[in-house]
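Numbering (this note's numbering), first residue to last: 16 to 461.
Ideal Cβ placement from N, Cα and C applies to all residues, glycine included.
Reading through the structure tokens given below for one structure.
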Amino acid sequence: MMKVEVQAGAATQPDACEEKASRTTLFFSVRDQVGALDECLRALKASDISLTRIESRPSKSEERSYDFFVDIDTDAPEVVQKVVDTIKSVEIVRDVRAIGSLDIAQAPSQPQVPWFPRKMSDLDTFAEKVLEMGEELSSDHPGANDPVYRRRRLEIVQMAKTYRTGQPLPRVEYTAEETATWREVYTRLHSMYPRYACREFLHVFPLLEQNCGYGPDKIPQLDDISRFLKDCTGFSLRPVMGLLTPRDFLNGLAFRVFHSTQYIRHHSDPYYTPEPDCCHELLGHVPLLADPHYAQLLQEIGLASLGASDEDVEKLATIFWFTAEFGLCREGANVRSYGAGLLSSFGELEYALTEAPSKQPFDPSKTALQKYPITEYQPTYFVAESFRDATVKLREFNSTMRRPFQVRYDPYTQSVEVLDSKDKIHHLARAIASEMQLLADAVDQL
Ligand SMILES: [Fe+2]
Numbered sequence: 016m017m018k019v020e021v022q023a024g025a026a027t028q029p030d031a032c033e034e035k036a037s038r039t040t041l042f043f044s045v046r047d048q049v050g051a052l053d054e055c056l057r058a059l060k061a062s063d064i065s066l067t068r069i070e071s072r073p074s075k076s077e078e079r080s081y082d083f084f085v086d087i088d089t090d091a092p093e094v095v096q097k098v099v100d101t102i103k104s105v106e107i108v109r110d111v112r113a114i115g116s117l118d119i120a121q122a123p124s125q126p127q128v129p130w131f132p133r134k135m136s137d138l139d140t141f142a143e144k145v146l147e148m149g150e151e152l153s154s155d156h157p158g159a160n161d162p163v164y165r166r167r168r169l170e171i172v173q174m175a176k177t178y179r180t181g182q183p184l185p186r187v188e189y190t191a192e193e194t195a196t197w198r199e200v201y202t203r204l205h206s207m208y209p210r211y212a213c214r215e216f217l218h219v220f221p222l223l224e225q226n227c228g229y230g231p232d233k234i235p236q237l238d239d240i241s242r243f244l245k246d247c248t249g250f251s252l253r254p255v256m257g258l259l260t261p262r263d264f265l266n267g268l269a270f271r272v273f274h275s276t277q278y279i280r281h282h283s284d285p286y287y288t289p290e291p292d293c294c295h296e297l298l299g300h301v302p303l304l305a306d307p308h309y310a311q312l313l314q315e316i317g318l319a320s321l322g323a324s325d326e327d328v329e330k331l332a333t334i335f336w337f338t339a340e341f342g343l344c345r346e347g348a349n350v351r352s353y354g355a356g357l358l359s360s361f362g363e364l365e366y367a368l369t370e371a372p373s374k375q376p377f378d379p380s381k382t383a384l385q386k387y388p389i390t391e392y393q394p395t396y397f398v399a400e401s402f403r404d405a406t407v408k409l410r411e412f413n414s415t416m417r418r419p420f421q422v423r424y425d426p427y428t429q430s431v432e433v434l435d436s437k438d439k440i441h442h443l444a445r446a447i448a449s450e451m452q453l454l455a456d457a458v459d460q461l
């Protein structure tokens, strides 16, 4: 009876930065008996406060009991105390505590866990949160003093700002000037790829030309690319206003969602952009999102980032930097590029494979601590043996992180499950057993 998880619709979209300040989570335990939930809800209703989330799970400390986590949209001490007193007055309730902005993943005795998305639509909370650029441009942006460019960029940014899960991805009618910029970048990079790009990238690129409209004369649409990626690896693209926080960006990868800008750099300098633009995203990042092993590597980084400490998110963001942005990989006696920062930069793509920079074997425990410049070529790169090998090493590294719980992504419901109860772990074990049976049957039939 009490094993239901109740979620309060649209009100369950906490903003990690802004809403935390005025949100309190109440924790209390309830004996499992008929009408228990109704009784608690009645008491909360009588307090005249708005609930933004109610979740329950079997109690870890007491059998036939359930722990409840209820978010209320206030942190005013007098209001919180009044609600706590009201809940305490319910006979079947025990152990009532107001535990600030804690999340369901933590018990009161555990360290604070940052909010993280549980379902695909939770990513909507990132739509209007960007670190920089977004609707504004920094003064050193080549388009900063071009009102036509600024207006156009803002138009495209607004599409990302208003996009929500489930809607068709916005299609942009690119102008002749924008297409000319794309053509210049595309043509030059395309000629360099056979010499510098890894084999997985070279395998996928012609498929993008065949299926997604890649070519020098047209800027491909996110919607077409996203559909293609979905068929290949389950990855999808999502428009974004500008640079997300590392936490938000990495959290999206847990859902196999890649946040992508849709505007293009200023036409005055096709070879330079101070921010990610569609050339960087579509030429640098997209191709390998169609590779299953690379997709797995990125999702592992994303899953590890859910609810991770700030310190661990910084390490994961550094690993992302030295893999997805500036990664090199071994191919027999050669080294090739797979990082998007390289594959979308003429100069650094060439430089990275010279003798000038240092090249270290990819080792997450070392890579995660490497300092790096963001406005000049990298002095150090990390070389992966393969995407699979990098994923294995990353998993080992992730197991050393201090997060007090494990998560898994459920592709059927497109949601993240926190493995924090016997029921959930049993369910996972049964699913694995079923897969093992399938494997055994398949081997028998060979
Ligand atoms: Fe990037």
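Reference residue i; option with closest CA among the options
i, options, result
"residue 243", "255, 225 and 259", "225"
"residue 179", "197, 136, 218 and 213", "136"
"residue 334", "322, 295, 367 and 384", "384"
"residue 388", "399, 368 and 356", "356"
"residue 164", "176, 72 and 151", "151"
"residue 371", "349, 354, 250 and 394", "394"
"residue 266", "325, 308, 209 and 110", "325"
"residue 349", "54, 213 and 254", "213"
"residue 319", "54, 437, 422 and 68", "422"
"residue 351", "398, 93 and 306", "398"
"residue 339", "277, 386, 68 and 268", "268"
"residue 410", "83, 433, 311 and 171", "311"
"residue 189", "204, 167, 200 and 206", "167"
"residue 175", "84, 278 and 241", "278"
Check: residue i C-beta below 7 Å from any heavy atom of ligand 2
i, result
"residue 300", "This structure simply doesn't include ligand 2; it includes ligand 1 instead."
Buried/exposed call for residue i, threshold 16 Cβ in 10 Å
i, result
"residue 287", "exposed"
"residue 281", "buried"
"residue 314", "buried"
"residue 441", "exposed"
"residue 448", "exposed"
"residue 455", "exposed"
"residue 177", "exposed"
"residue 210", "exposed"
"residue 71", "buried"
"residue 92", "exposed"
"residue 251", "buried"
"residue 236", "buried"
"residue 241", "buried"
"residue 299", "buried"
"residue 323", "buried"
Alpha carbon of residue i to alpha carbon of residue j, nearest angstrom
i, j, result
"residue 127", "residue 418", "10 Å"
"residue 261", "residue 145", "10 Å"
"residue 238", "residue 382", "34 Å"
"residue 401", "residue 414", "20 Å"
"residue 108", "residue 43", "7 Å"
"residue 215", "residue 130", "35 Å"
"residue 271", "residue 101", "43 Å"
"residue 304", "residue 248", "7 Å"
"residue 264", "residue 274", "7 Å"
"residue 289", "residue 360", "12 Å"
"residue 194", "residue 232", "7 Å"
"residue 297", "residue 181", "22 Å"
"residue 141", "residue 291", "17 Å"
"residue 88", "residue 138", "20 Å"
"residue 331", "residue 58", "43 Å"
"residue 285", "residue 183", "29 Å"
"residue 457", "residue 426", "23 Å"
"residue 13", "residue 234", "With the chain covering only 16 through 461, there is no way to say anything about residue 13."
"residue 431", "residue 443", "13 Å"
"residue 112", "residue 41", "6 Å"
"residue 379", "residue 39", "36 Å"
"residue 450", "residue 196", "49 Å"
"residue 201", "residue 429", "34 Å"
Beta bridge counterpart(s) of residue i as assigned by DSSP
i, result
"residue 274", "253"
"residue 202", "Bridge partners of residue 202: none, in fact."
"residue 394", "Per DSSP, none; premise fails for residue 394."
"residue 349", "346"
"residue 399", "344"
"residue 134", "430"
"residue 41", "85 and 113"
"residue 99", "Answer is none; residue 99 lacks a bridge partner."
"residue 424", "431"
"residue 375", "397"
"residue 46", "80"
"residue 69", "85"
"residue 108", "45"
Which runs of the alpha helix (DSSP H) spanning at least 4 residues fall entirely within the region 205-237, listed in chain order? Within the region 205-237, the runs of alpha helix (DSSP H) that reach at least 4 residues and sit entirely inside it are, in chain order, 214-226.
Can you give, in chain order, each stretch of the alpha helix (DSSP H) that sits fully within the region 298-325 and has at least 4 residues? Uninterrupted alpha helix (DSSP H) stretches at least 4 residues long and entirely within the region 298-325 occur at 301-304 and 307-320, given in chain order.
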